[in-house]
Structures are given as C-alpha cells and as structure tokens.
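Peer 1: Residue numbering for the sequence shown is 420 to 650, as defined by the working numbering. Every residue gets a Cβ at the ideal spot worked out from N, C-alpha and C, and that includes glycine. Mind looking over this structure? Questions follow.
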Amino acid sequence: MVSEIIVNEFLQSFSTPLLDLFFGIITFFGHPLPWIIVAAWLFWLGYEKRSFMLMSIILVSSLFAGFFKILIGRVRPEGILVLENQAGTYSMPSGHATLAGSIYSFYEKKIKLKTKYVAIILVILVLISRVYLGVHFVSDVLAGLLLGYILGKALCKLERKVKKSHLKVSKFSEEKLLLIIFVIMIVTVFVLPETFYLGYLLFGYYFGFVIYRDSKWKIKTENKKLNIIFG
C-alpha cells in the first residue's frame, strides 16, 4: 500500500482548483444516483425493460461491491490529501469503478463504436478520479473494474437466457419479486449503512415497477373482457 500511495501523490501533484472540480464531476459518473435518474427517465419514456435492467445493474454492482468491501476490510488511503469525504468506509473494491465497469460491460456490444470509445474514456477517467481524489488505491479501482466487468457480462448473459426462454412473469411471481427486493433493500441498509438511501431508492423503484406492471396487467385483462363481450 505504501508503494501505491506514490501513485496518489503523483496524480495529486497536478492538483489545481479546476482539475479538482473536473474530477469531482467525473467521479459522479460512477455514483449510483445519476444512473438511477437515467433509469427513471427511461421508465418515464416507456422503456420499462431497459430501465429495469439498468436498475438491476446498479443493485447487483452495489451489493457485490459492498459485500467485498466488508469481506476484505481494507482501509482507505491515509497520509495524503483527501478531496472527497469517505471517512469510516472501506476501500476495496471501489464501488464507483464496479458500477462503471458493470454498466460498460453490459452495454459493450449494444452500443456503436464511437460511443464505445467515449464510454471507455469515461470509465478510465472515473478510475483516475477515485485515485486522484485520495479515496482509493490503484488496486482498489482495478479490482472494482474487474468485478464490474464480470457482473456486467453475467447480467448480459442472464438477459439473453430470459429472452430466449420467453419468460413471462406472472402477477404472483411479481409479488415474490417484490418480497425479494424488500429483503435485498434491508440487507443493503445493514451492509452499506453509509448509503442507506440507495436501498430505499431501489426499493421505491422496484415497488413502483411492480405496481405499474400490475396496473397494465389489469388494463389488458379488462380490454380482453370487453373484446369478448362486444366482439
């Protein structure tokens, strides 16, 4: 860890108010909140499935990153300038790097080449920002990137299997799903107490998603009844 501090110190040797602001903004692309907003926006536009998958990526990456943080228990860098307050939380793997890696990995083969180049640059900048801001070691962000990439590919594979099987979620299954999400939310609150709001946001989204699907199911059922009655 002593040798890794050198990398933090090297990056911070270029520190200026403008660069601090730049990386402070860039690092936000690895935070769950802006992606939750994007997911909500997609839902509002009518892209429910895309919205659901993005929220699932956020949920899975946050849980796995939080689990490994506690399991490894590595303290954050000390003795250097810290430009973002993360006191009392663990360092490895980087949650920002995990989320950025998982989102890129999931959409890697679904986006155009030019967009992919922009995404790669953005992911790299997010990784650099975590080290520059003094909240992670280099190995933290690399571990997060690797974990995120694996999770993204796993979710992508799961999505393909679901599509191939033409899986249809029944009303009863949706109620079970809501119960599972509620349990996950509780786990998130206890495993990641510093980001308890994330658990509530995720639960609120999934709860709304299930209610919305339920209302659509009822409307379709009523329409079928009307078609049968009136031909």
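1) Of all the options S521, V557, K529, R579, which has the alpha carbon lying nearest to the alpha carbon of L570?
2) In or out: T534 buried (at least 16 other Cβ within 10 Å) or exposed?
3) Residues in the same chain with beta-carbon distance under 7 Å from S480, minus the five sequence neighbours each way, listed in chain order, please.
4) With a threshold of 16 other CB atoms inside 10 Å of the CB of K468, please say whether the residue is buried or exposed.
5) If we count the other Cβ atoms within 10 Å of its Cβ and call it buried at 16 or more, is I477 buried or exposed?
6) Between which two residues does the alpha helix (DSSP H) containing F447 stretch?
7) Excluding the five sequence neighbours on either side, which residues of its own chain have a C-beta within less than 7 Å of the C-beta of E423, listed in chain order?
8) To the nearest angstrom, report how far apart T508 and G553 are at their CA atoms.
9) Please say whether G563 and S524 have beta carbons closer to each other than 8 Å?
10) Would you check if the region 430-449 and the region 540-551 touch, i.e. whether three or more CB-CB distances between them fall below 8 Å?
11) Since L561 and S475 should fall inside the 8 Å C-beta cutoff, what is the C-beta to C-beta distance between them, to a whole number of angstroms?
12) Within 10 angstroms of its Cβ, does K576 collect 16 or more other Cβ (buried), or is it exposed?
13) Could you tell me the alpha carbon to alpha carbon distance between G486 and W454, rounded to whole angstroms?
14) Are L473 and L461 closer than 8 Å when you measure CB to CB?
15) Could you check whether the Cβ of V542 sits closer than 7 Å to any heavy atom belonging to the ligand GTP?
16) Give the C-beta separation of I491 and M511 to the nearest angstrom, bearing in mind that I take them to be a contact with Cβ-Cβ under 8 Å.
17) Taking its Cβ as the centre, do 16 or more other Cβ atoms sit within 10 Å of Y536, making it buried, or is it exposed?
18) If distances are taken between C-alpha atoms only, which option among E428, Y466, F471 comes closest to E497?
Peer 2: Straight from the coordinates:
1) Position 151 of the sequence shown holds residue 570. For L570, the nearest C-alpha among the options comes from S521.
2) Locating residue 534 in the sequence shown gives position 115, counting from the first residue. When all chains shown are included, T534 counts as exposed.
3) Residue numbering aside, residue 480 sits at position 61 when the sequence shown is read from its first letter. T517, L518, S521, G567, L570, listed in sequence order.
4) Working through the sequence shown from its first residue, we reach residue 468 at position 49. Exposed, since its Cβ has fewer than 16 Cβ neighbours within 10 Å.
5) The sequence position of residue 477 within the sequence shown is 58, counting from 1. Under this definition I477 is a buried residue.
6) The count along the sequence shown starts at 1 and reaches residue 447 at position 28. Careful: F447 lies outside any alpha helix (DSSP H) and carries neither H nor E.
7) Taking the first residue of the sequence shown as 1, we reach residue 423 at position 4. The residues are F556, V557, S558.
8) The count along the sequence shown starts at 1 and reaches residue 508 at position 89. The count along the sequence shown starts at 1 and reaches residue 553 at position 134. T508 and G553: Cα-Cα distance of roughly 13 Å.
9) On the sequence shown, residue 524 is found 105 positions in, with the first residue counted as 1. On the sequence shown, residue 563 is found 144 positions in, with the first residue counted as 1. Result no, Cβ atoms of S524 and G563 do not sit closer than 8 Å.
10) yes
11) One-based indexing of the sequence shown puts residue 561 at position 142. One-based indexing of the sequence shown puts residue 475 at position 56. Contact doesn't hold; Cβ gap of about 24 Å is too wide.
12) Position 157 of the sequence shown, counted from the start, is the residue given in the question as residue 576. Exposed.
13) Sequence index remark: in the sequence shown, residue 486 carries index 67 (1-based). Sequence index remark: in the sequence shown, residue 454 carries index 35 (1-based). The amino acid at residue 486 is misidentified as Gly; the sequence shows Phe. Roughly 21 Å separates the two Cα atoms.
14) Residue 473 sits at position 54 when you count from the first residue of the sequence shown. Residue 461 sits at position 42 when you count from the first residue of the sequence shown. For L473 and L461, yes; Cβs fall inside 8 Å.
15) The ligand GTP is not part of this structure, which contains no ligands at all.
16) If you number the sequence shown from 1, residue 491 lands on position 72. If you number the sequence shown from 1, residue 511 lands on position 92. I491 to M511, Cβ: 5 Å. Contact.
17) In the sequence shown, residue 536 corresponds to position 117, counting from 1. By the 10 Å Cβ count, Y536 comes out exposed.
18) The residue given as residue 497 occupies position 78 in the sequence shown. Ranking E428, Y466, F471 by Cα distance to E497 puts E428 first.
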